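Remarks on the structure that follows.
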Amino acid sequence: MLNLSNSYSKYKTKFEKYIENPKREQIKKSEITEIENLINNTNSKLDEIYSSLSRNDVKSQIYQIKFELDELSKLLEESKKKISKKEEFKKLSYKIEYYLYRMDVYLKGLSQNLSLL
C-alpha cells in the first residue's frame, strides 16, 4: 500500500507543478493513462485485501477508497478529452490533484491499519 501511496504522491506533485506553471510543466495523455493503470492496480489490490478481512472498520475504509478512485477515474476520463483545451484542463487539474492527494493519504492510513491487524 505504501508503494501505491508513493505513486499517487508522485503524480500529485506533477499536477501541482503543472498548476503552478502550465507553460513550463506539461501533463501528457500517456501520464493520465499511467494514472488510470495505477487505479486499476489499486482496485485489484483493494479487492484482494477486502476479501481476506473480517473487520468492518477496515472494510469501510476500503469501500471509501474505492469510491474516491471511481471519482478520480471519471475526472481522468474527462481530462483526456479536454487536454488540448488549456483552461478547462487546468480547472480539472485542480480536482485531479486533490483526489491524488486524498489517495496518498487514504492509502497511508489503510497501510497503517493493516499493519495493526
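In terms of my numbering, the sequence shown opens at residue 5 and continues consecutively.
Where is the CB? At the ideal position from N, CA and C, for every residue including glycine.
A quick note: this is a predicted structure, and the numbers were derived from the prediction, not measured.
- Per the coordinates, the alpha-carbon of GLU29 lies some 5 Å from the alpha-carbon of TYR22.
- Taking all protein chains in view, the Cβ of PHE93 is crowded by 16 or more other Cβ atoms within 10 Å, so the residue is classified as buried.
- The C-alpha of GLU81 is placed about 13 Å away from the C-alpha of LYS32.
- Non-local C-beta neighbours of LYS16 in its own chain, meaning closer than 7 Å and more than five positions away in sequence, comprise GLU101, LEU104, TYR105, ASP108, ordered along the chain.
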